[in-house]
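Colleague:
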Amino acid sequence: MNSARRRLPQMDTKAELRTARLVLRRWRPADRAPFATLNADPAVMEYFPALLSRAESDSAVGRIEAHFAKHGFGLWAVEIPGVAPFAGFIGLSIPSFQAHFTPAVEIGWRLAHDQWGKGYATEGACAVLAFGFEELKLDEIVSFATAANLPSRRVMERIGMSHSPADDFDHPGLPEGHPLRRHVLYRIRRRPEQPCHTAGQGSAE
Ligand SMILES: CC(C)(COP(=O)(O)OP(=O)(O)OC[C@H]1O[C@@H](n2cnc3c(N)ncnc32)[C@H](O)[C@@H]1OP(=O)(O)O)[C@@H](O)C(=O)NCCC(=O)NCCS
């Protein structure tokens with residue numbers, strides 16, 4: 000483990016990130032119902048062990064809010080002005096499990112099915128990477144997914160992350176033999192230029 004990754008950031012920010020088409024903002028009570036709908040959609044949850052009940056979905060929001068309270072950043076709620084007041088989340092989180100790459104800061108995303116195929120995840124993720132490197136001064140950001148989750152892996156690749164098979168790991172939250180257990184890890188390190196560009200690249204506000 001290198002020293003940069005041992006020092007995880009603690010900051011008090013209420014940052015809202017904006018891109019050409021998206022607002023990544025803190026969660027509102029009204030987001031809970033559409034988030035529960037998304038978490039009960041088999042298409043969205045194809046690469047997760049189970050659909051979430053309303054109570055489980057609300058608990059997940061609670062954990063996201065607690066992460067914001069503790070670290071000052073997290074999985075932002077995605078608003079698409081003029082299109083959808085809530086479309087899912089894109090953001091940063093600190094994995095709560097231990098693995099060969101932890102402690103680390105992870106970039107992740109989950110969007111409602113009707114918002115796929117429009118470049119929103121990549122656009123939001125680009126702004127999140129820029130925030131992580133420029134504002135949080137992270138040296139590295141990781142992302143992981145079950146190996147078969149090709150849509151998520153394509154987002155990782157589009158934002159410039161790299162995968163080394165030597166980093167593949169078994170997710171400790173899934174039992175031996177579970178078909179989703181094998182995960183791929185992608186990494187990206189801070190570099191002098193912007194980490195990625197999309198038509199909608201915006202800036203942290
Ligand atoms: C992962 C997930 C966010 C990816 O969504 P996505 O729509 O494929 O990704 P993007 O929003 O970046 O959109 C990219 C697609 O939109 C297309 N697109 C259309 N208009 C576009 C535009 N204006 N700009 C960029 N891309 C555009 C791209 O060609 C690309 O399509 P392709 O993958 O078929 O080539 C989505 O599948 C999801 O929410 N999955 C469920 C949750 C999940 O698995 N999360 C990850 C857990 S590890």
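For the sequence shown, numbering that gives the first Met the number 0 assigns the number 0 to the initial residue and increments by one for each residue that follows.
Ideal placement from N, C-alpha and C gives every residue a C-beta, glycine not left out.
If the criterion is Cβ atoms closer than 8 Å, does the pair Ala103 and Pro171 meet it?
Modeller: For the purposes of this step, residue 103 is taken as the residue at position 104 of the sequence shown. For the purposes of this step, residue 171 is taken as the residue at position 172 of the sequence shown. Contact: no.
Colleague: If you drop the 5 nearest sequence neighbours on each side, which residues of the same chain put their C-beta closer than 8 Å to that of Ser161?
Modeller: Mapped onto the sequence shown, residue 161 falls at position 162. Cβ neighbours of Ser161 beyond the five flanking positions: Tyr185, Arg186 and Ile187.
Colleague: Within 10 angstroms of the Cβ of Asp167, are there 16 or more other Cβ atoms? Answer buried if so, exposed if not.
Modeller: Taking the first residue of the sequence shown as position 1, residue 167 is located at position 168. Exposed.
Colleague: State the Cα-Cα distance for the pair Ala147 and Tyr46, rounded to the nearest angstrom.
Modeller: The count along the sequence shown starts at 1 and reaches residue 147 at position 148. The count along the sequence shown starts at 1 and reaches residue 46 at position 47. Roughly 8 Å separates the two Cα atoms.
Colleague: Can you name, in chain order, every residue of its own chain whose Cβ lies under 6 Å from the Cβ of Leu50, other than the five neighbours on each side?
Modeller: Position 51 of the sequence shown, counted from the first residue, corresponds to residue 50. Excluding residues within five positions, the ones whose Cβ falls inside 6 Å are Ala39 and Met44.
Colleague: Count the other C-beta atoms from every protein chain shown that fall within 10 angstroms of the C-beta of Pro178, then say buried if there are 16 or more, exposed otherwise.
Modeller: Within the sequence shown, the letter at position 179 stands for residue 178. It is exposed - the Cβ of Pro178 has fewer than 16 other Cβ atoms within 10 Å.
Colleague: Any heavy atom of ligand 1 inside 7 Å of the beta-carbon of Val154?
Modeller: On the sequence shown, residue 154 is found 155 positions in, with the first residue counted as 1. Result yes, Cβ under 7 Å from ligand 1.
Colleague: Measure the alpha-carbon distance for Asp30 versus Glu139 and round it to whole angstroms.
Modeller: Translated into positions along the sequence shown, residue 30 becomes position 31. Translated into positions along the sequence shown, residue 139 becomes position 140. Approximately 30 Å, taken between the alpha carbons.
Colleague: Could you have a look at Gly176 and say whether DSSP puts it in helix, strand or coil?
Modeller: What you label residue 176 is simply residue 177 of the sequence shown in a count that begins at 1. Note: Gly176 maps to coil in three-state DSSP.
Colleague: Just to check, is the beta-carbon of Pro80 closer than 7 Å to a non-hydrogen atom of ligand 1?
Modeller: Here residue 80 refers to the residue found at position 81 of the sequence shown. Flag unset: Cβ of Pro80 not near ligand 1.
Colleague: Does the distance from the CB of Ala35 to the CB of His112 come in under 8 Å?
Modeller: Position 36 of the sequence shown, counted from the first residue, corresponds to residue 35. Position 113 of the sequence shown, counted from the first residue, corresponds to residue 112. Not closer than 8 Å, so no.
Colleague: Ends of the alpha helix (DSSP H) at Ser56?
Modeller: Translated into the one-based positions of the sequence shown, residue 56 becomes position 57. That run of the alpha helix (DSSP H) goes Arg53 to His70.
Colleague: How is Ala3 classed by DSSP in three states: helix, strand or coil?
Modeller: On the sequence shown, residue 3 is found 4 positions in, with the first residue counted as 1. In this prediction, Ala3 scores a pLDDT of 40, lower than 50, which makes its location untrustworthy; no coordinate-derived value is stated.
Colleague: Look up Phe47 in the DSSP assignment and give the residues it is bridged to.
Modeller: Counting from 1 along the sequence shown, the entry for residue 47 is found at position 48. According to DSSP, Phe47 shares a beta bridge with no other residue.
Colleague: Considering only residues of the region 79-136, which uninterrupted beta strand (DSSP E) runs meet the minimum length of 3 residues and lie entirely inside it, listed in chain order?
Modeller: Counting whole runs of 3 or more residues, the region 79-136 contains the beta strand (DSSP E) stretches 87-92 and 105-110.
Colleague: When burial is assigned at 16 or more other CB atoms within 10 Å of the CB, is Arg190 buried or exposed?
Modeller: Position 191 of the sequence shown, counted from the start, is the residue given in the question as residue 190. Classification of Arg190: exposed, given that the 10 Å Cβ count is below 16.
Colleague: Does the Cβ-Cβ distance between Tyr173 and Pro48 come in under 8 Å?
Modeller: Sequence index remark: in the sequence shown, residue 173 carries index 174 (1-based). Sequence index remark: in the sequence shown, residue 48 carries index 49 (1-based). Sequence inspection shows Leu at residue 173; the Tyr mentioned does not correspond to that position. Yes, these two residues count as a Cβ contact at 8 Å.
Colleague: Leaving out the 5 sequence neighbours to the left and right, which residues in its chain are closer than 6 Å to Ser151 when beta-carbon positions are compared?
Modeller: Here residue 151 is taken as the residue at index 152 of the sequence shown, counted from 1. Contacts found: Ala144.
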